[in-house]
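If you read the sequence shown in our numbering, its first letter stands for residue 97, the second for the next number, and so on.
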Amino acid sequence: MNYLITGGAGFIGSHLAEYYLRRGDRVSIVDDLSTGAWQNVAQLDGDPNFKAYISDAADLALMEREIREADFVFHLASSVGVKLIVSQPVESIRRIVRPTETIVDLCAKYRKPVLLTSTSETYGKSEATPFREDMDVTLGPSCKNRWAYAIAKLLDEFYLLAMRDQTSLPVFIVRLFNVVGPRQTGSYGMVLPRFVSAALKGEPLQVCGTGEQTRCFSSVFDIVEGLARVGSTPEAAGEVVNLGSDEEISIVDLAKRVIALCDSSSTIVYKSYDEVYGPNFDDMRRRVPSLEKARRLIGWDPKRSLDEIIVETRDWLKTSGRD
Ligand SMILES: NC(=O)c1ccc[n+]([C@@H]2O[C@H](COP(=O)([O-])OP(=O)(O)OC[C@H]3O[C@@H](n4cnc5c(N)ncnc54)[C@H](O)[C@@H]3O)[C@@H](O)[C@H]2O)c1
97 MNYLITGGAG FIGSHLAEYY LRRGDRVSIV DDLSTGAWQN VAQLDGDPNF KAYISDAADL
157 ALMEREIREA DFVFHLASSV GVKLIVSQPV ESIRRIVRPT ETIVDLCAKY RKPVLLTSTS
217 ETYGKSEATP FREDMDVTLG PSCKNRWAYA IAKLLDEFYL LAMRDQTSLP VFIVRLFNVV
277 GPRQTGSYGM VLPRFVSAAL KGEPLQVCGT GEQTRCFSSV FDIVEGLARV GSTPEAAGEV
337 VNLGSDEEIS IVDLAKRVIA LCDSSSTIVY KSYDEVYGPN FDDMRRRVPS LEKARRLIGW
397 DPKRSLDEII VETRDWLKTS GRD
């Protein structure tokens, strides 16, 4: 098979590229390196089954050529990380919406199945956990720009589903919940690499708010397996599927767990959301996926424990010299 992966030099995309290359498939990636890094895929350079294009995934000529050649398109290219969305809202909205329109239109033209990685942010401030894919959502107002990420991703979802309705294009939508592991950078606000990096340097771990807000962390290796299964399951076409862990942990407990597993002398400091993200910031208290649909459709459950994931992240940060 010939897979096209947009955002393929990113954290998840680079692991997905390796997964298919290991199986003997061909992989092309398109990435503008806005948040990704060439180092994520440098080890693949020279593999005759691997092609990389450093370019905007909204580039019509390139995408037309690559989508025509592809058997399946994974569309991961997107702005990510709340800190980035809040600090660069115009670029962030563009990077989510524009490539999706280009890619989905071309997939419809050449009849190529496409999978979009959406996000748990689309559930917004909904309190009814666990989050089921068909539940109503509660999003914040447009004057709080962190919601731009959720709303732009929801617009992407609507666009794929509309194309499916009007043209019968096979589309797949996966909502990811806090994916972590080797190659994730802390530069755009992602909590686990920030914590592990600080713990390894003996610096304070910075917790936002009370730290009692909870999240569920899943390993990138489990998620890659899940993405591949969704894409190869015909019954999943036209569906929105949650992938993530349903094991909840508060952010302050995560900080303590990281300090212990890194054998670190770091302390925990508390910062207000205003200090970190500026005024008008809104956060969600809990974010727990319902995995019932993933189990039923693709027989998938996350395998790695949080401790294993923290250790993998720690070992990668220690050996790669990256941040
Ligand atoms: N990591 C998570 O916890 C998480 C959670 C929910 C959803 N997601 C989704 O998963 C996908 C991958 O995220 P990630 O965590 O690997 O982040 P990432 O930043 O490492 O990957 C995104 C990649 O897309 C590239 N990119 C952005 N805009 C582009 C454009 N216009 N053209 C070409 N390339 C572009 C970036 O350079 C980067 O390599 C994204 O769609 C993201 O919204 C991730």
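Note that beta-carbon positions come from the ideal geometry of N, C-alpha and C, so glycine has one too.
Rounded C-alpha distance that separates residue i from residue j
i	j	result
residue 235	residue 228	16 angstroms
residue 303	residue 179	14 angstroms
residue 149	residue 129	10 angstroms
residue 283	residue 419	8 angstroms
residue 169	residue 153	12 angstroms
residue 371	residue 341	29 angstroms
residue 417	residue 323	29 angstroms
residue 102	residue 113	10 angstroms
residue 389	residue 233	18 angstroms
residue 246	residue 335	18 angstroms
residue 210	residue 361	46 angstroms
residue 140	residue 116	12 angstroms
residue 292	residue 409	7 angstroms
residue 206	residue 166	10 angstroms
residue 297	residue 379	28 angstroms
residue 134	residue 266	31 angstroms
residue 85	residue 356	For the chain, the structure presents residues 97 to 419; residue 85 sits outside this window and is missing.
residue 225	residue 305	21 angstroms
residue 203	residue 261	14 angstroms
First and last residue of the uninterrupted beta strand (DSSP E) at residue i
i	result
residue 46	Nothing about residue 46 can be read from this structure; the chain reaches only from 97 to 419.
residue 148	146 to 150
residue 271	267 to 272
residue 344	344 to 346
residue 382	Per DSSP, residue 382 belongs to no beta strand (DSSP E) and is neither H nor E.
Neighbourhood of residue i by C-beta, 7 angstroms cutoff - its chain only, sequence neighbours within 5 removed
i	result
residue 244	181, 185, 188, 189
Residue range of the alpha helix (DSSP H) that includes residue i
i	result
residue 339	First-last for residue 339: 336 to 339, but that is the beta strand (DSSP E), not the alpha helix (DSSP H).
residue 293	287 to 297
residue 99	Where residue 99 is concerned, there is no enclosing alpha helix (DSSP H), although the beta strand (DSSP E) it sits in stretches over 98 to 102.
residue 370	369 to 373
residue 117	107 to 118
residue 331	No alpha helix (DSSP H) contains residue 331, which DSSP labels as neither H nor E.
residue 407	402 to 416
Proximal residues to residue i (C-beta, below 6 angstroms), its chain only, five neighbours per side dropped
i	result
residue 314	275, 340, 341, 398
residue 381	309
residue 250	218
residue 373	182
residue 111	316, 320
beta-carbon residue i near ligand 2 non-hydrogen atom, thresh 8 angstroms
i	result
residue 105	Among the ligands modelled here, namely ligand 1, ligand 2 does not occur.
Could I get the ranges of all uninterrupted beta strand (DSSP E) runs contained in the segment 167 to 234, with 3 residues as the minimum, in chain order?
168 to 171, 210 to 215
Are three or more beta carbon pairs between the segment 196 to 205 and the segment 154 to 167 nearer than 8 angstroms?
yes
Quick check: the segment 220 to 227 against the segment 274 to 287, are at least 3 beta-carbon pairs closer than 8 angstroms?
no
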